[in-house]
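K.L.:
This structure is in structure tokens; I'll ask about it shortly.
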Amino acid sequence: MFNFAFSQLALYLTFILVFFVPGIFLIFATGFHKKFSTLELFVLSFGSSIVIIDFLVILLGKSPLHITRASLFGTIVVFSAICFGIYRRRIRKNTSDNQEFKTKQMSRRAATLVVIILFLTIFIKTIYFKDAIFPTATDLGHHMYWTKEISITGQLPNYEKAEIGAEYTIEAPSPIADFIIGEHLFFAAIAIISGADFFSSFPVLTLFLIHIISILSIFVLTRAFFKNSLHQDAIAIITLLLIGPLYSIASPQAKFVSGGVIGNDIGNLLIPISILLYMKAFSEKKSDILAYALFISFGLAYTHHLSTFVFVFLSLFTVIAYAALNFKSVFSDIKEWLKLFLTREALLVLAMGAIFILFIYTPTYLNASAVNTAVGTPSKASRAGLTLAQLKSTAGEARFAFAFLGVVLLFFAKKLGKYNQAFMIGWIVALTLMSLRPDWLLLDIPSNRIASYIVFPSAIIAAYMFVVILTALKSEEKRRNYLSPIFIFISFFALSAFIATSGLYDNAASLNSSSSASPALQTYAASQYLADNLETRDVVLKDHNYLSGDAWIKLFFMKDYNYPLSRGFFKRYQDETKPREQCTNLMISIPNGTMAQKCFEGTGTNFIMVDPKMDSGQFHRLNDFWQIYSADAITVFYKKS
Amino acid sequence: MSNKIIIASTCFFLLVSFVFLSWSERKQADINTKNIWMTYFENPRDNSLDFKIENHSTVTNFHWQILADKNIIKEENVAIALDETKTIPVSLSDINGKKIIIVVTAGTDRKEIYKTF
């Protein structure tokens, strides 16, 4: 009990140290605490901290110092102290803008509603996580391998893996472009500082925290979008409802958290924060806020390539939307934008970003082959775009219906603010086109992954449409209703029922039936047994189709990202676009086959972990395999040499 | 003020949720609550037939048999408490050319491991 309490305390204090302290000090040093509301600062400090930690840990990894608890703690303290020094200097000089930020205060009733919705949001997600908290998810396992590598070696990881080559042998490790360092650095910082075990709740709790702050970031962004509207709070609250308790579990919400889709989770936090900052920078013509926005954008680029890609496209479409909506002033506005970019603060961040990318650490995806895999004519059916029905299902039926009408209405909206309008339109149009017609934009990325990003803008625009429908039935000026109050009342409940039914049905359909901890624990026990008995030359092969938690097996060995070798999903072995290695499939499916024998010989595979109910029969029939480990959910065979 | 209430409430809700989930995960991670047991060779690669029974179930009475080419050559009962692992030493002679199977049963549950010589 004491150990549990202590580990919990250590974890939560580490969350504060890693996720809030650096961001808060940076905000004070830059004087932004006077330019944003408290809730905005809360969200910004969190997002900034992730970016700061990424850059600090990269610098630590590149320095002679190792990434250890002491060096991490010291670096955060030194960074915060420097920021505090700058803050004190600003106060002494009194050069900063002394005006406190004034924002439209939320009413007590609105705040109460927000608190209730947040309670429901966290409650529903907690119910879902109860059976998904035990670490078994494939993606999370892959990411935790790299995180553990950082914590063991104290150095930045080399994203490489050893694959089986054409000669059936395991080749020298080659680079992987799929992993971005920013997905692992803050996890490593938390694990190292708190001492949290990788096989614990800490990875999912960390992502849960990020997810809830991303929902709050959408709330503050919605308030910023509609700051000129009389219904600012109503729209923001309905948005919160549409991304909080409703559609709470399906991707990219709780499912992405428990599944360990780290990049998307962080992208869904940093994209709204970036939009908020760029919008404020351009509308208020503040170069320091633009510099801050650029800093967050660099952080996004170091965290997730797909989110960065989405952000680039939404920026592009925002510019197009802005030009279309403000045709007369666009050229003079471009001059203003250039002036903002050519200020000392913005140029400093751009220069630092360029130095970081060119000389300190280049993100793994910034190489020609990785770029080529994402750009061009869609190479697979899964990249050729979704149908409208599929997009509707991804966005959520009610959200999609309202957002569809809302986009049309947005084009004709007045008094919203030209940047607000352009960002909203640019955001949703970019994602719609990227999801439905990637060939128009020469995108070669899985369409369903892009479509998952549409949830947030569609929730905002759907909430806007919902409020517009209800308020349009009432004359604001004359304070009288065009329709009978009872009809408005019924309309409100009919529309609410449509949204609630759609959102809650989505939740129900996504709930787990039970925890998968028992089979995963057996996998981990067998892995520990092998780890205790392995010699350097041994090669392990495991099955991904039927074993639970198999992606986490590699954390017991820590030899290579591809160790143990893995039999992947069967469909992966039938890829018409490129030849796939077949050894991992054949060595389990037909172990006595000629090809499989070549594979055993070439790769040196001598331990095989499979599900006893699905894959033991073929080994029982062969005399050169020993069954050395037996449990209900896993069995291990040893191939005699 | 409203913003501060929202932040404080969010932090409180998250803290309660995190503690609950951590506690829940701790219980799920306790292999002794899963009613499972496993058996394995002490040394997977040499000719030794010593094996272990690792018990995480409520069953405590185990029965093991050693079969050489399907003939029972040795059997015994063993009591293993929850969260206990017992090593069963096995010494056999004249095993060349034979498949030695170790069958462990606990109630209706049966598991086997083997080596072929």
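If you're matching them up, the sequences are chains A and B in order.
The opening residue of the first sequence carries number -14 in our numbering; numbering runs sequentially from there.
The opening residue of the second sequence carries number 35 in our numbering; numbering runs sequentially from there.
Yeah, the Cβ is synthetic: ideal placement off N, Cα and C, and Gly gets one too.
According to the neighbour-count rule (16 or more other Cβ atoms, all chains shown, within 10 Å of its Cβ), is Leu343 of chain A buried or exposed?
P.N.:
The residue you call residue 343 of chain A lines up with position 358 of the first sequence. So Leu343 of chain A ends up on the exposed side.
K.L.:
For the 8 Å Cβ check, are there 3 or more pairs between the region 239 to 247 of chain A and the region 188 to 206 of chain A?
P.N.:
yes
K.L.:
Report the CB separation of Leu55 of chain B from Phe172 of chain A in whole angstroms; it is logged as a contact under 8 Å.
P.N.:
Position 21 of the second sequence, counted from the first residue, corresponds to residue 55 of chain B. Position 187 of the first sequence, counted from the first residue, corresponds to residue 172 of chain A. Not quite, the Cβ-Cβ distance comes to about 17 Å (not below 8 Å), so this is no contact.
K.L.:
Given Leu301 of chain A, which residues of its chain have a CB within under 8 Å of its CB, disregarding the five upstream and five downstream residues?
P.N.:
Locating residue 301 of chain A in the first sequence gives position 316, where the first residue counts as 1. So the list reads Gly411, Ala415, once near-sequence residues are dropped.
K.L.:
Using a Cβ cut-off of 7 Å, pull out every chain B residue sitting near Phe114 of chain A, in sequence order please.
P.N.:
For the purposes of this step, residue 114 of chain A is taken as the residue at position 129 of the first sequence. Within 7 Å Cβ-Cβ: Leu55.
K.L.:
Is the distance from the Cβ of Ala221 of chain A to the Cβ of Thr207 of chain A below 7 Å?
P.N.:
Taking the first residue of the first sequence as 1, we reach residue 221 of chain A at position 236. Taking the first residue of the first sequence as 1, we reach residue 207 of chain A at position 222. Contact check for Ala221 of chain A against Thr207 of chain A passes: the beta carbons are separated by less than 7 Å.
K.L.:
Report the neighbours of Ala63 of chain B on chain A: residues whose CB is nearer than 8 Å to its CB, in chain order.
P.N.:
Along the second sequence, read from residue 1 onward, the residue named residue 63 of chain B stands at position 29. Within chain A, the residues near Ala63 of chain B are Phe119, Phe184, Ser185, Ala502, Leu506.
K.L.:
From what residue to what residue does the beta strand (DSSP E) around Leu86 of chain B run?
P.N.:
Taking the second sequence and counting its residues from 1, one reaches residue 86 of chain B at position 52. For clarity, residue 86 of chain B is Lys in the given sequence; the question names Leu instead. Its beta strand (DSSP E) spans residues 85 to 90.
K.L.:
DSSP state of Ile106 of chain B, grouped into three classes?
P.N.:
The residue given as residue 106 of chain B occupies position 72 in the second sequence. DSSP places Ile106 of chain B in strand when its eight states are reduced to three.
K.L.:
Which of the three DSSP states is assigned to Arg73 of chain A in this structure?
P.N.:
On the first sequence, position 88 is the one that residue 73 of chain A refers to. Helix.
K.L.:
Which residues, in order along the region 509 to 527 of chain A, keep a beta-carbon less than 7 Å from a beta-carbon of chain E?
P.N.:
In the structure shown, chain E does not exist; the protein chains are A and B.
K.L.:
If we require 3 or more residues per run, which beta strand (DSSP E) segments fall completely within the region 512 to 559 of chain A?
P.N.:
524 to 528, 550 to 552
K.L.:
Closer than 7 Å by beta-carbon distance: list the chain B residues that pair up with Gln90 of chain A, in chain order.
P.N.:
Translated into the one-based positions of the first sequence, residue 90 of chain A becomes position 105. Near Gln90 of chain A (Cβ distances below 7 Å), the residues of chain B are Ser36.
K.L.:
State buried or exposed for Pro597 of chain A, treating a residue as buried only when at least 16 other CB atoms are found within 10 Å of its CB.
P.N.:
As a first step, residue 597 of chain A must be located in the first sequence, where it is residue number 612. By the 10 Å Cβ count, Pro597 of chain A comes out buried.
K.L.:
From Ala388 of chain A to Val28 of chain A, what does the alpha carbon distance come to, in whole angstroms?
P.N.:
Along the first sequence, read from residue 1 onward, the residue named residue 388 of chain A stands at position 403. Along the first sequence, read from residue 1 onward, the residue named residue 28 of chain A stands at position 43. Ala388 of chain A and Val28 of chain A: Cα-Cα distance of roughly 25 Å.
K.L.:
Over what stretch of residues does the beta strand (DSSP E) that includes Trp611 of chain A continue unbroken?
P.N.:
Position 626 of the first sequence, counted from the start, is the residue given in the question as residue 611 of chain A. Unbroken beta strand (DSSP E) run through Trp611 of chain A: 610 to 615.
K.L.:
Could you tell me which residues DSSP puts in a beta bridge with Glu146 of chain B?
P.N.:
Position 112 of the second sequence, counting from 1, holds the residue named residue 146 of chain B. Looking at the DSSP assignment, Glu146 of chain B forms a beta bridge with B:Val137.
K.L.:
In whole angstroms, give me the CA-to-CA distance for Ala457 of chain A and Ile38 of chain A.
P.N.:
Here residue 457 of chain A refers to the residue found at position 472 of the first sequence. Here residue 38 of chain A refers to the residue found at position 53 of the first sequence. Cα to Cα, Ala457 of chain A sits roughly 47 Å from Ile38 of chain A.
K.L.:
My understanding is that Gln513 of chain A touches Ile147 of chain B, with C-beta atoms under 8 Å, so please give their C-beta distance in whole angstroms.
P.N.:
Position 528 of the first sequence, counted from the start, is the residue given in the question as residue 513 of chain A. Position 113 of the second sequence, counted from the start, is the residue given in the question as residue 147 of chain B. At roughly 17 Å, the Cβ-Cβ gap does not stay under 8 Å, so Gln513 of chain A and Ile147 of chain B are not in contact.
K.L.:
Got a sec: is the Cβ-Cβ distance from Lys120 of chain B to anything in chain A below 7 Å?
P.N.:
Here residue 120 of chain B refers to the residue found at position 86 of the second sequence. No, Lys120 of chain B does not count as interfacial toward chain A.
K.L.:
Assuming Ala505 of chain A and Ser551 of chain A are in contact, meaning their beta carbons sit under 8 Å apart, how far apart are those beta carbons, in whole angstroms?
P.N.:
Taking the first sequence and counting its residues from 1, one reaches residue 505 of chain A at position 520. Taking the first sequence and counting its residues from 1, one reaches residue 551 of chain A at position 566. Not confirmed; about 16 Å, so no contact.
K.L.:
Quick one: is Asp182 of chain A buried, meaning 16 or more other Cβ sit within 10 Å of its Cβ, or exposed?
P.N.:
Residue 182 of chain A sits at position 197 when you count from the first residue of the first sequence. Answer is exposed; the Cβ neighbour count stays below 16.
K.L.:
Note down, in chain order, every chain A residue with its Cβ under 8 Å from the Cβ of Ser43 of chain B.
P.N.:
If you number the second sequence from 1, residue 43 of chain B lands on position 9. Within chain A, the residues near Ser43 of chain B are Val100, Leu103, Phe104.
K.L.:
For Phe75 of chain B, report the span of its beta strand (DSSP E) as first-last.
P.N.:
Locating residue 75 of chain B in the second sequence gives position 41, counting from the first residue. DSSP places Phe75 of chain B in the uninterrupted beta strand (DSSP E) bounded by 70 to 75.
K.L.:
Nearest CA to the CA of Glu269 of chain A: which residue from A:Trp322, A:Leu255, A:Ala239?
P.N.:
Mapped onto the first sequence, residue 269 of chain A falls at position 284. Nearest option by C-alpha distance: A:Trp322.
K.L.:
Just how far apart, CA to CA, sit Asp429 of chain A and Met419 of chain A?
P.N.:
What you label residue 429 of chain A is simply residue 444 of the first sequence in a count that begins at 1. What you label residue 419 of chain A is simply residue 434 of the first sequence in a count that begins at 1. Taking the straight line joining both Cα atoms gives about 10 Å.
K.L.:
Using 7 Å as the limit for Cβ to Cβ distance, is Phe96 of chain B near chain A?
P.N.:
Numbered from 1 along the second sequence, position 62 holds the residue referred to as residue 96 of chain B. Not an interface residue.
K.L.:
For Pro78 of chain B, would you say it is in contact with chain A, using Cβ-to-Cβ distances shorter than 7 Å as the test?
P.N.:
Residue numbering aside, residue 78 of chain B sits at position 44 when the second sequence is read from its first letter. Using beta-carbon distances, Pro78 of chain B counts as an interface residue toward chain A, with a partner under 7 Å.
K.L.:
Can the beta-carbon of Gly587 of chain A be found closer than 7 Å to that of Val524 of chain A?
P.N.:
As a first step, residue 587 of chain A is located in the first sequence; it is residue number 602 there, counting from the start. As a first step, residue 524 of chain A is located in the first sequence; it is residue number 539 there, counting from the start. Their beta carbons are not under 7 Å apart, which means Gly587 of chain A does not touch Val524 of chain A by this criterion.
K.L.:
Please report the distance separating the alpha-carbon of Ala447 of chain A from that of Phe64 of chain A.
P.N.:
The residue given as residue 447 of chain A occupies position 462 in the first sequence. The residue given as residue 64 of chain A occupies position 79 in the first sequence. Approximately 41 Å between the Cα atoms of the pair.
K.L.:
Evaluate Arg156 of chain A with the Cβ neighbour count: other Cβ atoms within 10 Å of its Cβ, from every protein chain shown; 16 or more gives buried, anything less gives exposed.
P.N.:
Counting from one through the first sequence, the residue named residue 156 of chain A turns up at place 171. The identity of residue 156 of chain A in the sequence shown is Glu, whereas the question assumes Arg. Glu156 of chain A comes out exposed.
K.L.:
In the region 531 to 546 of chain A, which residues sit with their C-beta less than 7 Å from some C-beta in chain B, listed in chain order?
P.N.:
none
K.L.:
Please state the DSSP three-state secondary structure of Met91 of chain A.
P.N.:
Indexing the first sequence from 1 puts residue 91 of chain A at position 106. If DSSP states are grouped into helix, strand and coil, Met91 of chain A belongs with coil.
K.L.:
Do the region 574 to 586 of chain A and the region 514 to 522 of chain A touch if we need at least three Cβ pairs shorter than 8 Å?
P.N.:
No, they do not touch.
K.L.:
Flag this pair as yes or no: are the beta carbons of Glu110 of chain B and Asn89 of chain B separated by less than 7 Å?
P.N.:
Along the second sequence, read from residue 1 onward, the residue named residue 110 of chain B stands at position 76. Along the second sequence, read from residue 1 onward, the residue named residue 89 of chain B stands at position 55. Taking C-beta atoms as the reference points, Glu110 of chain B and Asn89 of chain B fail to come closer than 7 Å.
K.L.:
Is the distance from the Cβ of Ile228 of chain A to the Cβ of Ile251 of chain A below 7 Å?
P.N.:
Counting from 1 along the first sequence, the entry for residue 228 of chain A is found at position 243. Counting from 1 along the first sequence, the entry for residue 251 of chain A is found at position 266. For Ile228 of chain A and Ile251 of chain A, no; Cβs fall outside 7 Å.
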